[in-house]
Amino acid sequence: MEGQLDTTGSNCKACDRSDSADAHMVACDSCHLWEHFACAGVDESVRDRKYVCKDCTAKVAGSKTKRSKNLTADNRSTKTAGGRSAKKGQKNPSIPASQTSSARAAVLDAQMRVLEEEKAMKEQELREQEELQRRELEEEQRQIEEKRQLMEEERRLRQRKLEEQRAILAKQHMIRRESLEKKSELIKMMSEGGSTTSSIPDSQEKVKSWLADQQQTHGRSLGKTAQEQEAKPDS
């Protein structure tokens, strides 16, 4: 990392000169400390590449050397109880594969359980929906049956009322016929049995009185029949 400082301080880790002693300074990408171009031994090309100072480079090289020695010591063969040699720190390649296979099997087993639960839930929802549809259909059929029974009851009621009206009319016709027959008989008696002229008006008055009585009786009979009809409850 290259840069130029405008301050008058002394930030170069390699010398005690001020920052302005050199036109440019560069910072290590590892320790992030600044150096003059001259102290670092770099030029303008450092702008286009990564820069690591000498101290950090030496530390990295020493660390690599130490790690290499440790690996060499670890790779030395040792004799086992059966007389066979085994390298210290060597990993068994079958263990990670077994662990991976077990983990994969556990994941697949969990996914299968989830699928089975989803299937059972959907089947339960389907059964509940079928049960609801069955109940709705039964309710519709019950309402239709109630309407049919109500219509049948209304039909029987209308039929009973018609029969009662027919009976009333039949009574009225019978009363009228009886009245006419009585009237005819009286008129015949008047025409055949009268001996004097003075008896004719008396007979006519009797006929009129009888006819008035018949009409009153007929009216009372009709009124009583109507009251009985109204007093009957509709069932």
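Residue numbers (the UniProt record's numbering): 1 to 235.
Ideal Cβ placement from N, Cα and C applies to all residues, glycine included.
Residue span of the beta strand (DSSP E) that contains A27, given as start and end
25-27
Alpha helix (DSSP H) containing C31: first to last residue?
Run containing C31: none; DSSP gives neither H nor E here.
Cα separation between N11 and D48?
23 angstroms
What is the DSSP secondary structure of C12, reduced to helix, strand or coil?
strand
Pick helix, strand or coil for R49, following the three-state DSSP scheme.
coil
Relative to the alpha-carbon of residue 237, which residue among M189, A38, D213, R135 has its alpha-carbon at the smallest distance?
In this structure the chain extends from 1 to 235, so residue 237 is not present and cannot be described.
Start-end ranges of the beta strand (DSSP E) lying completely within the UniProt region "Disordered" (121-148), minimum 3 residues:
none
Residue environment, residue 241, which counts as buried when at least 16 other CB atoms sit within 10 Å
Coverage of the chain is limited to positions 1 through 235, which leaves residue 241 absent and any answer about it impossible.
Quick check: the Cα distance between R156 and L162, rounded to an integer number of angstroms?
10 angstroms
Do D16 and K50 have their CB atoms nearer than 8 angstroms?
no
Using three-state DSSP, classify V107 as helix, strand or coil.
helix
I need the DSSP call for R17, collapsed to helix, strand or coil.
coil
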